[in-house]
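In order, the protein sequence lines correspond to chains X, Z, A and W.
With the UniProt record's numbering applied, the first sequence corresponds to residues 1 to 323, in that order.
With the UniProt record's numbering applied, the second sequence corresponds to residues 1 to 323, in that order.
With the UniProt record's numbering applied, the third sequence corresponds to residues 1 to 323, in that order.
With the UniProt record's numbering applied, the fourth sequence corresponds to residues 1 to 323, in that order.
So the structure is just underneath, and the comments pick up after that.
Protein chains: 4
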Amino acid sequence: MKRIGVFTSGGDAPGMNAAIRAVVRTGIFHEAEVYGIYNGFSGMIENEIRQLQFSDVGNILQRGGTILGSARSNEFRTPEGRKKAYSNLASHGIEGLVVIGGDGSFTGAKILNDEFGVPFVGLPGTIDNDLYGTDATIGYDTALNTVVEAVDKIRDTASSHHRIFFVEVMGRNSGFIGLDAGVAVGAEMTLIPEEVTNLDDLVYYLKRIRGKKKSSIILVSEGDDEGGAIDIMNKVKPQLEGFDIRASVLGHMQRGGNPSAADRILASRLGVAATETLIKGGTNLAFGIIGNNVNIVGIEEAISNKEVIDREKLRVIEILSRC
Amino acid sequence: MKRIGVFTSGGDAPGMNAAIRAVVRTGIFHEAEVYGIYNGFSGMIENEIRQLQFSDVGNILQRGGTILGSARSNEFRTPEGRKKAYSNLASHGIEGLVVIGGDGSFTGAKILNDEFGVPFVGLPGTIDNDLYGTDATIGYDTALNTVVEAVDKIRDTASSHHRIFFVEVMGRNSGFIGLDAGVAVGAEMTLIPEEVTNLDDLVYYLKRIRGKKKSSIILVSEGDDEGGAIDIMNKVKPQLEGFDIRASVLGHMQRGGNPSAADRILASRLGVAATETLIKGGTNLAFGIIGNNVNIVGIEEAISNKEVIDREKLRVIEILSRC
Amino acid sequence: MKRIGVFTSGGDAPGMNAAIRAVVRTGIFHEAEVYGIYNGFSGMIENEIRQLQFSDVGNILQRGGTILGSARSNEFRTPEGRKKAYSNLASHGIEGLVVIGGDGSFTGAKILNDEFGVPFVGLPGTIDNDLYGTDATIGYDTALNTVVEAVDKIRDTASSHHRIFFVEVMGRNSGFIGLDAGVAVGAEMTLIPEEVTNLDDLVYYLKRIRGKKKSSIILVSEGDDEGGAIDIMNKVKPQLEGFDIRASVLGHMQRGGNPSAADRILASRLGVAATETLIKGGTNLAFGIIGNNVNIVGIEEAISNKEVIDREKLRVIEILSRC
Amino acid sequence: MKRIGVFTSGGDAPGMNAAIRAVVRTGIFHEAEVYGIYNGFSGMIENEIRQLQFSDVGNILQRGGTILGSARSNEFRTPEGRKKAYSNLASHGIEGLVVIGGDGSFTGAKILNDEFGVPFVGLPGTIDNDLYGTDATIGYDTALNTVVEAVDKIRDTASSHHRIFFVEVMGRNSGFIGLDAGVAVGAEMTLIPEEVTNLDDLVYYLKRIRGKKKSSIILVSEGDDEGGAIDIMNKVKPQLEGFDIRASVLGHMQRGGNPSAADRILASRLGVAATETLIKGGTNLAFGIIGNNVNIVGIEEAISNKEVIDREKLRVIEILSRC
């Protein structure tokens, strides 16, 4: 394989640039040309494609976001759109693709493979950590640290004013961020989509620990069945008279920032491994890390399974915050 | 003066602990005893008062929040409440007070002085920077850096997705944070309470720079006349079809965090100066920094004036973001 | 088991406080009393032992260092010393121990077990990451991020002045920090104890990339066979005339700082698991994480084996920095 | 003035990029063309000069280092070298210069003005803060925060092991960093070039506080008359038997890193003001901030005076750390 394309797709995640750098330089190392496809499937259709040299990916290892951009594409959902995408790839002589993104992005690449036979490999890039076949996704560790640093700050003011805070974190339908951040910040409770939220229990608990703790932090995953942090605060407030309660939605800052050491290493290792596999003829594979080792699963397996949270961590939170 | 009291009041701010440490240790250095009054005027009324030793304020210089706590007190607004507060102070033999807080806190201490003759000095502690007689308030620099780091992260994801972000920052009725952060993050525009917001201009501007900039960040001070970031986003959205627009409210994380170098130095210097002045017999004075020098103003002057923003900075933002 | 002791030993590491908190609260959760032994084996001999309550470990989850302290003890190497240590434990009714530290600390606890039958479990606490049976040790991730942030800063100034920097990192006899940081900062080369360093190759390489890269960062693990960063700089300087070369030894800042999210989670999970195992009667066990799951190995196995670096990462560095 | 040049010179400092951005965009705003001169006076001689557009300085506001580079130039010290520099400027039609740097850089620009009449204005860019006519130099606040964060980390491990640390900070012949960091980290003592260091006093003091403090941090400015941190540690060690003493030299990380909010604002404000002044015909002026207002001094005054440290801060350190 002498010419490969790389693109980022779906929500951006810190470490995507480190992955792009790894793909480009690994390609060049093996004497392949590497083309950057801008703005995901949308740019593939719009022919926003240009060759990337070694130095084009210099000084990006440590930057958040993605220099290739990312965008939604409704057109890619149509056969015409995909045809256009394929013919643009073909016109550049691109023989294989490295896609950096989540489930949806892998699925898009797979359809392209099904319909036009374009070989591809996938790197797990999402802050949500919900991908199968890897201990962590690229961007997850950074997002988690961003959340933890923000909640540490909120804890300062919560303790000064003896307040309860409902803090909403990202994760779409998954509770990874909420659960891990809950352990890491010493949250009094964490509400995640994987567990049915019982607001009566929450109220009971907050009343029970009142006065025993200087402050309480309740993390709320954005996908919780009772709603976001503001919704839940409003629902329980009437039963918590006399309490000083606030809500904060951390928002999009969770998607940015310089990638952590772990995310840079993960992105670099997987970028090298995936690109070498693609060049050697591998396709329809998703790359991840299990127990410090590179792990490869078939793309169908990756797409059809979901990473599951570790419920033991709920017990850890309970043990460590119960007083 | 052989016994002084110190308390924090109003919204907490990073650096308050550094100020408390400075007051306690300066008092001890001059052989006075120092009593901590917990939870502001509320704790003064509830007699939450205890002596602080040198080591009680060890290892707090670098911590956000306030170890003395802060709380609202409706009771202090009544003559009975204040009488109770005074008699608690008297029962502990406290002869003078150092209050760390904003306008309202200074006013409370002044009333106590008017009614009972308790000498006091004030240290400017608020993230809002709206106090007269000082280049900066304790906590402002830290809050500003927190905002800047958060918006830098948002910029990463905004640029990856070519989005417009409305980001709401604190500051109550003042635009200090919004204005300074606007310069520091390279905001495309900043909306502050001191200026009438013209949404048509905003829409016009966003359309004009479309495609010229990878992303746009519009900072919105919480006190803006057109509302918060979400309000304003909703107002302009109908006129910005085809744009990808988001809003983020940074929230209470702006109040916490380890104080910056500048805030620790400011708090330490003012804490020493104010405490020494109080011990020597000074009263009804507010302390600040002007041009690297300690600056002292009468409390009435401090309360009756408001620090004003520097409109030149609006021009700086315009020059540096206009393209 | 109704009364357990916990102590930290050897070099301190960020996350040790999170581990202490987890041990104390898990003990209390299971209705055991937990005693803190201060300053490691030294304090065990000096009887620096006192009970810890739930709130004694409040607000320490996010703090670097260890509230229990750590110290060397020559006396513990003598039978008399250990006898004293044991009789102090016995006098407090301590029936089992949780030791947080490295190889040497585990060995000390094992001797105590051999000689006096004191049950114990071990948590891997060291920034060096050289312990067997775990993907990572408590403190490693934080130290790695500290190194990466520092080297990112050095890169800024190195690139501005087109300099070569030799940057020395910790790790004692192990190259974990050097190797992982090398990937994460995009080092041009990393010199680790596990590989024989060839200075001629280094000189050749630096000459070859001259002018192609704005700056070069050569990481040097403190245990490298050719010496530290300053030694190596001095050795190669004569052969690199005309180059602007500097050295920096990052030093003890690598041991401190607020623990990262990953270290807090690791410490909390292992603290719960180890304490529950000890209470249930387990002993002579070392706890770790493999592939996101708690992993337990016999203490002999833990002590007699060494974690080995992943040489593939050397290849990753070479591929990604070669130009 | 229709064409101006901008360059950075001397040691790099965080915020230089923010200043470059401000100069370029202010020039363009006033319809002047702006040329970047790479690598200071060296690049002026080597004709490393090219026009900068609005977007060339996008996304650099928040980056450490200087995109224009900096380098020493011995050739500029010769009349021939300066003649070459001038003729390169003239060949590009550059009519005025903005120099970002310290004393030496200002002096270089002044000589060029003396000899060839090239108008110029100066922005104070150095982490040393030793320039006259400004409350702070560009880069100082960031460097100070870098030092404070590093020493906070060292404090963690120092306290865990009850150690004395000698920590060396930058500042060349000035004690600004040492003094301000001393206040900000709660150093037990700070040794600065402006004060004669008495090692006997130091030893006496360390013995006196032994056991009263968990750890001691002695900051050593690199320009201290008794030498650096390692020198001083070695000198006092024989008199401090039984103490556990370490030294750490923070090194070049102090020069890099993302600029703080204050540095970005300072650089942006001064960049706008200086460029507008130059374009309007001003020359031989140095720009600074005094008490939040832009302050302008003649270049001779700026060069011939030195900013002096505030000795009151030594007293603040003594009061706040004495126990």
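From the three backbone atoms N, C-alpha and C, an ideal C-beta is built for every residue, glycine too.
Being a predicted model, the structure only gives us computed values, none of them experimental.
- Per DSSP, P79 of chain A is not a residue of any beta strand (DSSP E); the alpha helix (DSSP H) it occupies stretches across 79–91.
- The CB of V220 of chain Z never comes closer than 9 Å to any CB in chain W; the least such distance is about 18 Å.
- Chain W has a Cβ within less than 8 Å of the Cβ of G64 of chain A.
- P124 of chain A has A:G101 as its beta-bridge partners, per DSSP.
- L285 of chain Z sits close to T277 of chain Z, with the two beta carbons spaced by under 8 Å.
- According to the DSSP assignment, M189 of chain A belongs to the beta strand (DSSP E) that extends over 189–191.
- Assignment of beta-bridge partners to S216 of chain Z by DSSP yields Z:I164.
- Distance from the CA atom of D130 of chain X to the CA atom of T275 of chain Z, rounded to whole angstroms, is 55 Å.
- At a beta-carbon threshold of 9 Å, none of the residues of chain X lie near S9 of chain Z; the nearest stands roughly 11 Å away.
- Proximity of the segment 110–126 of chain X to the segment 86–99 of chain X meets the contact definition, three or more beta-carbon pairs being nearer than 8 Å.
- Here Y35 of chain W is buried: its Cβ has 16 or more other Cβ atoms, across all protein chains shown, within 10 Å.
- The alpha-carbon separation between S216 of chain A and M170 of chain X amounts to approximately 38 Å.
- R264, I265, S268, R269, V272: these are the residues of the segment 263–276 of chain W whose beta carbon lies less than 7 Å from some beta carbon of chain Z, given in chain order.
- Here the segment 12–19 of chain W lies against the segment 53–65 of chain W, with 3 or more beta-carbon pairs under 8 Å apart.
- Contacts between T26 of chain W and chain Z, judged by CB atoms closer than 7 Å, involve I319 in chain order.
- It is roughly 13 Å from the alpha-carbon of G211 of chain W to the alpha-carbon of A158 of chain W.
- In the three-state DSSP reduction, F287 of chain W falls in the strand class (E or B).
- Any Cβ of chain X closer than 8 Å to the Cβ of D310 of chain A would place that residue at the interface, and such an atom is present.
- Taking 4 residues as the shortest admissible run, the segment 244–296 of chain A contains the following complete alpha helix (DSSP H) segments, listed from N- to C-terminal end: 261–279.
- Looking at the DSSP output, G36 of chain X shares a beta bridge with X:V6, X:R50.
- In this chain, the alpha helix (DSSP H) harbouring A19 of chain Z covers 16–29.
- Interface criterion met: the Cβ of F165 of chain X is under 8 Å from a Cβ in chain Z.
- Excluding residues up to 5 positions away in sequence, V236, Q239 lie with their Cβ nearer than 6 Å to the Cβ of V203 of chain W in the same chain.
- Not a single CB atom of chain A sits nearer than 8 Å to the CB of F287 of chain X.
- Within the segment 152–185 of chain X, the residues whose Cβ lies closer than 8 Å to any Cβ of chain Z are, in chain order, D152, K153, I154, R155, D156, T157, A158, S159, S160, H161, H162, F165.
- Contact annotation: I309 of chain X and G96 of chain X have beta-carbon atoms that are not nearer than 8 Å.
- Residue pairing for R210 of chain W: DSSP places it in a beta bridge opposite W:K213.
- R155 of chain Z and G256 of chain X have their C-alpha atoms spaced approximately 7 Å apart.
- K83 of chain Z counts as exposed, since fewer than 16 other beta carbons sit within 10 angstroms of its beta carbon.
- Chain W places no beta carbon closer than 8 Å to that of T107 of chain A, leaving this residue out of the contacts.
- With fewer than 16 other Cβ atoms inside 10 Å of its own Cβ, S304 of chain X counts as exposed.
- Taking 8 Å as the threshold, the shortest C-beta distance from V249 of chain Z to chain X falls below it.
- Between G11 of chain W and the set A:D224, A:E300, A:R163, the nearest pair of CA atoms involves A:R163.
- Assignment of beta-bridge partners to S221 of chain A by DSSP yields A:V169.
- Burial is judged here by how many other beta carbons sit within 10 angstroms of a residue's own beta carbon; D128 of chain X has at least 16 and is buried.
- Between L266 of chain A and A143 of chain A, the C-beta gap is not smaller than 8 Å, which leaves the two residues out of contact.
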